[in-house]
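Worksheet: one structure, shown below.
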Amino acid sequence: MEYVADLLAVIAAPTATDKAALLERCQPPVDGATWELPPLPARPGRPAGWRESDIAPRRRRTLSHAGTRNRFLLAIHHIELSAVDLAVLACLRASGAPAALHEDFLAIARDEARHARLLEDLLAARGLAPGDEPVHHRLWDTALACADLGEHLVAVPRFLEARGLDVSAELLPRLAQLDPAAHAVLTVIYHDEIGHVASGSRWHRWWCARQGVDGEIHFQAVVARRFPGQVPGPTPLDRPGRLQAGFTALDLAWLAEGPEIAPRG
Ligand SMILES: [Fe+2]
Ligand SMILES: [Fe+2]
9 MEYVADLLAV IAAPTATDKA ALLERCQPPV DGATWELPPL PARPGRPAGW
59 RESDIAPRRR RTLSHAGTRN RFLLAIHHIE LSAVDLAVLA CLRASGAPAA
109 LHEDFLAIAR DEARHARLLE DLLAARGLAP GDEPVHHRLW DTALACADLG
159 EHLVAVPRFL EARGLDVSAE LLPRLAQLDP AAHAVLTVIY HDEIGHVASG
209 SRWHRWWCAR QGVDGEIHFQ AVVARRFPGQ VPGPTPLDRP GRLQAGFTAL
259 DLAWLAEGPE IAPRG
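Anchor point for the sequence shown: position 4 equals 12 in my numbering, and the numbering is continuous, going up by one each time.
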């Protein structure tokens, strides 16, 4: 199927510019079109010569030094580049879904490529380029491990991207003074990401309704299985952003207090 081949080509493409160009060619399938999930690559495409690290990145609490900030921006760049691959993987897993789901996730993939390119411009102005630091593929590995679209929608938009909202909400006020150029780019990204998480919440509700499962219980079960020991997280919840993005009061209570399944009342 041409759509499946086009999606795999986006994942295999090395740069945000290449991925964006190929995304222009991806036409969403008609409502309910089905296909077999193809074999997925162990690694998404990246430029030749990039080094891969398996060392967990340190959490950077202070960004007052330019060098630390630049490494942080390089790390965010790779998160955005990986997010293109993850949004396309959601499309690959969405055999049988409405065309509107594909339109939403292709739009997210295009946003992520734009985010990566905004960061590339910001880094270039500082004499830096993606690939200057080793990259890791934990996001891809986590997404690849998901069993189905429902798990993917929990793990990627509703857990990982939503954590990005928490980090941004905490960081942006501090960054405004320290680094106005980075603040401007990360503010654009933050607002777009609320939309991505909202799409994730909307399609997760759709998926749960179709499967006949409770969305809040499914969310908790997948997070507990895929991210053991990570609830509550290290950063305070961005409640305003998460509420806008479709989290319920029970979701937020569980994320703040977890990991036991919260009683339903
Ligand atoms: Fe993004
Ligand atoms: Fe995103």
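Cβ coordinates follow ideal geometry from the N, Cα and C atoms, glycine included.
When the five nearest sequence neighbours on each side are left out, the beta carbons in the same chain lying within less than 6 Å of the beta carbon of W43 are those of M9, V12, S103, in order along the chain. Contact between the region 78 to 93 and the region 132 to 144 is present, with at least three C-beta pairs closer than 8 Å.
DSSP places T195 inside the alpha helix (DSSP H), whose first and last residues are 188 to 219. Closest by C-alpha distance to L186, out of C34, H73, A20, is H73.
With a contact defined as Cβ atoms closer than 8 Å, A217 and L245 miss out at about 25 Å. Taking every protein chain shown into account, the CB of A170 has 16 or more other CB atoms within 10 angstroms, so this residue is buried. Proximity to R66 across L260, P242, G266 peaks at P242, based on C-alpha coordinates.
The three-state secondary structure of V18, taken from DSSP, is helix. Within the DSSP bridge table, the entry for E60 names V143 as partners. Fewer than three Cβ pairs drawn from the region 107 to 116 and the region 174 to 182 lie within less than 8 Å of each other, which leaves the two stretches out of contact.
Scanning its chain for C-beta atoms nearer than 6 Å, with the 5 sequence neighbours on each side dropped, one finds around G158 the residues W215, in chain order.
Look at R171 here: in three-state DSSP terms it is helix. E88 has its Cβ nearer than 6 Å to a heavy atom of ligand 1. For P55, same chain residues with a beta-carbon under 7 Å away, outside a window of 5 residues either side, are P22, T23, G139 in chain order. In the three-state scheme derived from DSSP, where H, G and I count as helix and E and B as strand, W43 is classed as coil. For H160, the enclosing alpha helix (DSSP H) stretches over residues 157 to 161.
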